[in-house]
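To keep things clear, I will list the structure first and then write my remarks on it.
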Amino acid sequence: MAKKTCKNITILGEEIVPGKKKFLTLDAARLHTYTKIEVPVVVERAKKDGPVLLLTAGIHGNELNGIEIVRGLLAKKYTRPDAGMVISIPTVNVFGFINQTREFPDGKDLNRVFPGTRKGSLASIFAHHLMNEILPQVDYCIDFHTGGARRFNSSQIRISKGNEELFKLAEVFSPRFIVYTAQRDKSFREAATKSGKKVLLFEGGKSHDFNQRITTRGMLGTLKVMHHLGMRDFSEEIANYDFPPPVVIKESSWVRAKQGGLFRFFVKDGSKVEKGQVVGTISDPYGRFEFKVKIPESGYIIGLNHEPVVYKGDALLHLGVV
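The following block contains the structure:
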């Protein structure tokens, strides 16, 4: 049973009154110029008690699809619950968002320093404040990510094996794939899970890019989860979409380039592929050779490298096996 909202809730030093919306700022870290890193936090609380849902995006500042998903939810006022509370942080790594970089200002990957420490690196200090000033109020979290570099991920929810409630929520979200993956050491997902929170990690699209197919799936999935948790009736909004049940991926691995050159692919992300199927070619720039890229075992393409120039050993496609 999720923790219910209570009469007195304080977040970042501000009292959150039932039925009200608050724009807050998480400013736990400073740059070398002593300028604060101010991260906007939008809190919307219903008059009625219910679950508390946290929406986070932009932990990696150049992963824009998640930011667009949360922005769209806020703009359409879908984050106003009839029960419980929604906390939205569209740009967790706002400095990385401004500079369109993955990292935090100190060069650290913010998603590798959780739960953070009060006296650690700049990223670690920020992670510590996020964990201690916002997360204690939360029951559920949807953390939005994209593929790194030029890797395009099909819409997928990543969860750990053995958690039936998370699996049910992932089914409700209705992505293209549900992928069983181990938690990354010192990631936000790992730290929040250890704190007793239910975390769905959404992956979709690639960095430095918007993709309407992905953002629509992400927004709709969030509405479905809120509807399922009894936070708001979205029957009308979700009635127009009829996605097939998600494919459950139990294992996955990357197919890597056996030689460098110009890579072109013949398949779409999300496609079902068969063992031995030719899904692309790698050639030199001068027309002297062209090697076929074949699938080592049957499965689904859950991620695809959109980089046209690859080196030997580069990841070409992420193959999921059911």
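For the sequence shown, our numbering gives the first residue as -18, with consecutive numbering after it.
C-beta atoms are modelled at their ideal positions from N, C-alpha and C, and glycine is treated no differently.
Sort out for me which residues DSSP pairs residue i with in a bridge.
i           : result
residue 263 : 244, 272
residue 137 : 158, 184
residue 125 : 38, 183
residue 10  : 18
residue 297 : Residue 297 pairs with nothing; no bridge assigned.
residue 4   : 23
residue -9  : -4
residue 132 : 286
residue 253 : 281
residue 228 : 158
residue 291 : 242
residue 302 : 232
Can you say whether residue i is buried or exposed, counting buried as having 16 or more other CB atoms within 10 angstroms of its CB?
i           : result
residue 43  : buried
residue -15 : Note that residue -15 scores 48 on pLDDT, short of 50, meaning its location in the model is unreliable; the coordinates nonetheless yield the value given after this. When all chains shown are included, residue -15 counts as exposed.
residue 213 : buried
residue 86  : buried
residue 46  : buried
residue 13  : exposed
residue -6  : exposed
residue 156 : buried
residue 179 : buried
residue 146 : exposed
residue 250 : buried
residue 71  : buried
residue 4   : exposed
residue 19  : exposed
residue 62  : buried
residue 37  : buried
residue 172 : buried
residue 92  : buried
residue 303 : exposed
residue 74  : buried
residue 25  : buried
If we ignore side chains and look at the alpha-carbon of each, how far apart do residue i and residue j end up?
i           : j           : result
residue 106 : residue 168 : 14 Å
residue 201 : residue 123 : 13 Å
residue 205 : residue 114 : 27 Å
residue 78  : residue 269 : 42 Å
residue -18 : residue 237 : Here residue -18 scores only 44 on pLDDT, less than 50, and its place in the model should not be relied on; the value that follows carries that caveat. The straight-line gap from Cα to Cα measures roughly 44 Å.
residue 41  : residue 243 : 28 Å
residue 68  : residue 232 : 33 Å
residue 94  : residue 104 : 7 Å
residue 59  : residue 120 : 18 Å
residue 134 : residue 255 : 19 Å
residue 246 : residue -4  : 53 Å
residue 197 : residue 284 : 18 Å
residue 278 : residue 80  : 40 Å
residue 57  : residue 294 : 44 Å
residue 289 : residue 35  : 37 Å
residue 240 : residue 163 : 30 Å
residue 226 : residue 160 : 13 Å
residue 281 : residue 97  : 36 Å
residue 151 : residue 139 : 8 Å
residue 203 : residue 102 : 33 Å
residue 33  : residue 118 : 7 Å
residue 11  : residue 99  : 13 Å
residue 216 : residue 136 : 22 Å
residue 222 : residue 292 : 41 Å
residue 158 : residue 28  : 35 Å
residue 298 : residue 275 : 11 Å
residue 52  : residue 175 : 28 Å
residue 55  : residue 125 : 15 Å
residue -11 : residue -1  : 9 Å
What residue range is occupied by the uninterrupted beta strand (DSSP E) comprising residue i?
i           : result
residue 37  : 33 to 38
residue 216 : Segment 216 to 219 is the alpha helix (DSSP H) holding residue 216; no beta strand (DSSP E) there.
residue 68  : 66 to 70
residue 237 : 232 to 237
Is residue i close to chain B? Criterion is C-beta to C-beta, closer than 7 Å.
i           : result
residue 176 : As a matter of chain content, chain B is missing from the structure shown, which is built from one protein chain.
Return the first residue and the last residue of the alpha helix (DSSP H) that residue i is part of.
i           : result
residue 280 : Taken as a continuous stretch (DSSP letters only), residue 280 belongs to no alpha helix (DSSP H), being part of the beta strand (DSSP E) at 280 to 286.
residue 205 : 193 to 209
residue 171 : 169 to 175
residue 112 : 103 to 114
residue 76  : 75 to 80
residue 52  : 45 to 56
Original post:
Is the segment 181 to 188 touching the segment 124 to 131 in the sense that three or more CB pairs, one from each, lie closer than 8 Å?
Top reply: yes
**OP:** Please determine if the segment 249 to 260 and the segment 191 to 201 are in contact, where contact requires at least 3 C-beta pairs separated by less than 8 Å.
**Re:** no
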